[in-house]
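What the sequence shown shows, in UniProt numbering, is residues 1 to 662, in sequence order. Input: a single structure, listed below in structure tokens.
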Amino acid sequence: MKTISMIYNNRENWPVIEYLKSNLESIFEKYVQVNNVFLNELKEHEIIEGDIYLVLFEQMIYPLKKHIKNFNNVVVMTRGISRKYINEIRNIPNNTDVLVVNDSYESTIQTTNTFYELGISHINFIPYEEKLDVNNYYSDIKIAITPDETNMVPKFIKTIINIGYREIGYDTFIKIMQKQQLSYKSVNRNIIKHMDDIVEPNATFKSNYLNSYLKSEMLNKIIFNSYEGILLTDSDYNLVYSNEKLNKTFNIEDNNSEKNIKSFMDIEVFKKITDMESKSKFIKIHDENYTVEKNNVMLMDQIVGYSIILRNEKDIRELEISLKNHLMKKGLFAKYTFENIIYKSNKMLQLIKLSKKAALTDYTISIQGESGTGKELLAQSIHNFSNRKDMPFVAVNCAALPETLLESELFGYEGGSFTGARKNGKVGLFEQANTGTLFLDEIGDISSNFQSQLLRVIQEKQIMRIGSDRLINIDVRIIVATNKNLEEEVQKKNFRSDLFYRLNVIPIEIPALRERKEDIFLLLENFSGETYSNITDEEKSAILSYNWPGNVRELESATNYYKTLDEFPNYIINKLTNNSKKYILYDNTYYILEIIKDNTDRFHGIGRTQLTYLLKEKGIKISDSKVRSIIEWLNTKGYIETRKGRSGNRITQQGIDYLDKF
Ligand SMILES: Nc1ncnc2c1ncn2[C@@H]1O[C@H](COP(=O)(O)OP(=O)(O)OP(=O)(O)O)[C@@H](O)[C@H]1O
């Protein structure tokens, strides 16, 4: 709490003394204590205590010389006039003589000056002097203005405009506030309210104050509540500003400015911060990890201070998680990174090197590759490696949607713009992907009309929702993918060449799996897990010689098949044996299906026990649980039907067709 010493000559005008005290207290509330000091009661060299010495007139400063130590804290009070009386004064006819009466000659002059400074000059203000009020000196004057000193107005004057006690001017409050760092929210609010009530000569001052207050409030809102700790110091590391987060980190009581930051930091932390040469550094503070960024504040070529920003690793992670959660909830999230791409081949190594470089740019990337080669996996990895990784990743399969739907999905629409449209309209995927990445899969399949629309969006970086005439700016990185050869499509005139060149800025071609056989076993090992060691050499050579038209996706499903049934599908093994019946050795599924077929007519089907018996009879060693799982798989494929009771398992037409393929 600060003390304001209000200096008066004497106690004569007690109501004003009380009034001014309450005026000060109404603005500074609990933050100040007001003491009245009367010059005529002070002893010879008596020192007045106080953080601020508030005097009514400049003339009072001189007598204070003997009683105060620090003249920096003397403030001369300005006074304003309540707005409600001004119009009454303005309505006085031109050139009228008006007597101004106040309790002392000094205050009478001060009041008169205030009127002139407020631009009221159409009347003649005559300052009242008691000693002249003899011999009808003022007898021609008919109107008097007084700040509540009506009893001092000569009796013959009938019209008195009482403007009430003059209030303390807002510039006085602001001076006190700035000198004593009393810039509390409620104090600022009180001053602004007070400004509306009184008129003061210095109107520009008022608007400047209001603007700077609004600006600082806005900055405060952003900076003060930031999740980052923000600290501003002078060049000697004395605190100039700290926001709430920083105050909490270091337990700083508010408005502790002019303190050296050393006073609230551990010496090691202080040293690390002051010694910092690089812009950013990791520092442990109270056992938590922070990244600290320090920047010089320059004036001409001199360092006048430092701005220091602290980010708690935990907060950054939480922020990332909450953004990711939000995007995940909305499905706008890329799951895969380059770490998830399994490869060994040099071809893939080069491709990943190129993709990583491309990821760091904002150029459009065009991925070409057969189905199942990992185009979406690569697109997601590129997004997660790019600067947009914390922003949305939106994938659209262009071949899966009819043209009109694709258009409304991508561009969105205004409410009620077509039949069946949602009432409130729809935000398109371009907008949802804003600041992130849009992955357009199967781009080779879009209609020529849609090709034109897409070209426009890519060129203009703006979209317009269907049914709207408002352009929306978008900042989206586009990755397209196709299993078609787009160059050939351009030659065949199925794809616009201008769009092709726009999309093909960085072309990446993923080789088919058969063109990078080195990757096959590594992928197989990853997909099969523990069961990898059970895979026989014959199976491996079959896998290697198979040409994998479905690429990695097909290898993944074949491995899942193996994990369930302990063997690979016939069509893979068959390739090795070149259509010879030897495959049966490797393929119990085929053998079981054949037995079921042979038994379907005779017994209307065959039970599992009987089946296992027949298998054993033929010298095939197979566990009961294995037979069960093969039966289940054949059922799910629709190759057999399993009925309860004795009729057991029967082959279906589909099963017969499947067998016929071999
Ligand atoms: N190199 C790889 N490492 C690990 N998994 C892979 C690899 N390549 C592809 N895959 C996996 O194969 C499957 C198919 O990949 P993806 O969907 O990315 O292929 P695509 O080329 O986009 O297919 P389509 O053309 O059919 O859309 C996915 O499960 C993916 O995780």
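Where is the CB? At the ideal position from N, CA and C, for every residue including glycine.
Simplified DSSP state of residue i, which is helix, strand or coil
i: P15; result: helix
i: E106; result: helix
i: V98; result: strand
i: I508; result: strand
i: S226; result: coil
i: R388; result: coil
i: K582; result: Reliability of the predicted coordinates at K582 is poor, the pLDDT of 40 falling under 50, and the value obtained from them is presented with this limitation in mind. If DSSP states are grouped into helix, strand and coil, K582 belongs with coil.
i: M152; result: helix
i: F568; result: coil
i: residue 663; result: For the chain, the structure presents residues 1 to 662; residue 663 sits outside this window and is missing.
i: residue 733; result: Past the edges of the chain, shown from 1 to 662, lies residue 733, and the structure says nothing about it.
i: T146; result: strand
i: L576; result: The predicted model places L576 with a pLDDT of 48, which falls under 50 and marks its position as unreliable; any figure quoted below should be read in that light. Here L576 sits in helix by DSSP.
i: K644; result: coil
i: S235; result: coil
i: A433; result: coil
i: A334; result: coil
i: G412; result: strand
i: R83; result: helix
i: S545; result: helix
i: T78; result: coil
i: R477; result: strand
i: I27; result: helix
i: L20; result: helix
Start-to-end residues for the alpha helix (DSSP H) that takes in residue i
i: A512; result: Unbroken run through A512: none, as it is neither H nor E.
i: residue 664; result: Nothing can be reported for residue 664: it is not among the residues displayed for the chain, which extend from 1 to 662.
i: R516; result: Segment: none, R516 is in no alpha helix (DSSP H) and carries neither H nor E.
i: Q178; result: Y170 to K179
i: L615; result: R608 to E617
i: residue 689; result: Because the chain here runs from 1 to 662, residue 689 falls outside it and cannot be looked at.
i: Y658; result: Q653 to D660
i: N190; result: K185 to D197
i: L310; result: Segment Q302 to N312 is the beta strand (DSSP E) holding L310; no alpha helix (DSSP H) there.
Distance cut-off 7 Å: residue i Cβ against heavy atoms of ligand 2
i: G369; result: Inclusion of ligand 2 in the displayed structure is not the case, the ligand content consisting of ligand 1 alone.
Host beta strand (DSSP E) of residue i (start-end)
i: L299; result: E288 to L299
i: N35; result: V32 to F38
i: D441; result: T437 to D441
i: N124; result: N124 to P127
i: Y8; result: K2 to Y8
i: T159; result: T159 to N162
Any non-hydrogen atom of ligand 1 closer than 7 Å to residue i Cβ
i: G529; result: no
i: R553; result: yes
i: K344; result: no
i: L377; result: yes
i: E556; result: yes
i: A512; result: no
i: N289; result: no
i: I222; result: no
i: N649; result: no
i: D445; result: no
i: A481; result: yes
i: T373; result: yes
i: N485; result: no
i: D234; result: no
i: K365; result: The sequence as given places Ile at residue 365; Lys does not occur at that position. I365 Cβ: outside cutoff for every heavy atom of ligand 1.
i: I508; result: no
i: N340; result: yes
Could you check whether the segment 349-369 touches the segment 398-409, counting it as contact only if at least three pairs of C-beta atoms, one from each stretch, sit closer than 8 Å? no
contact_flag[the segment 301-321, the segment 229-245] where n(CB pairs < 8 Å) is 3 or more: yes
Would the segment 603-614 and the segment 552-565 be scored as touching if the rule is three or more Cβ pairs under 8 Å? no
Three Cβ pairs or more, each shorter than 8 Å: is that satisfied between the segment 331-349 and the segment 371-390? yes
Report yes or no: do the segment 514-530 and the segment 490-504 share at least 3 C-beta pairs separated by less than 8 Å? no
With three or more C-beta pairs closer than 8 Å as the rule, is the segment 184-196 touching the segment 25-36? yes
May I have a chain-ordered list of the alpha helix (DSSP H) segments no shorter than 4 residues that lie completely inside the segment 249-284? 267-275
At what residue ranges does the segment 352-402 contain a whole run of the beta strand (DSSP E), taking only runs of 3 or more? 365-368 and 393-397
Stretch-stretch touch, CB-based, cutoff 8 Å, three pairs: the segment 92-105 with the segment 114-129: yes
Would the segment 9-22 count as touching the segment 151-162 if we require 3 or more Cβ pairs under 8 Å? no
Below 8 Å, how does it come out for the segment 380-400 and the segment 455-470: are there three or more Cβ pairs, yes or no? no
Indicate whether the contact test is met: 3 or more Cβ pairs, each with one atom in the segment 61-76 and one in the segment 97-111, closer than 8 Å. no
May I ask you to verify whether the segment 1-10 touches the segment 34-42, counting CB pairs closer than 8 Å and requiring at least 3? yes
Tell me whether the segment 498-507 and the segment 474-488 touch, counting them as touching only if at least three CB pairs, one residue from each stretch, are closer than 8 Å. yes
Quick test of the definition: if touching needs 3 or more C-beta pairs under 8 Å, does the segment 339-358 touch the segment 278-297? no
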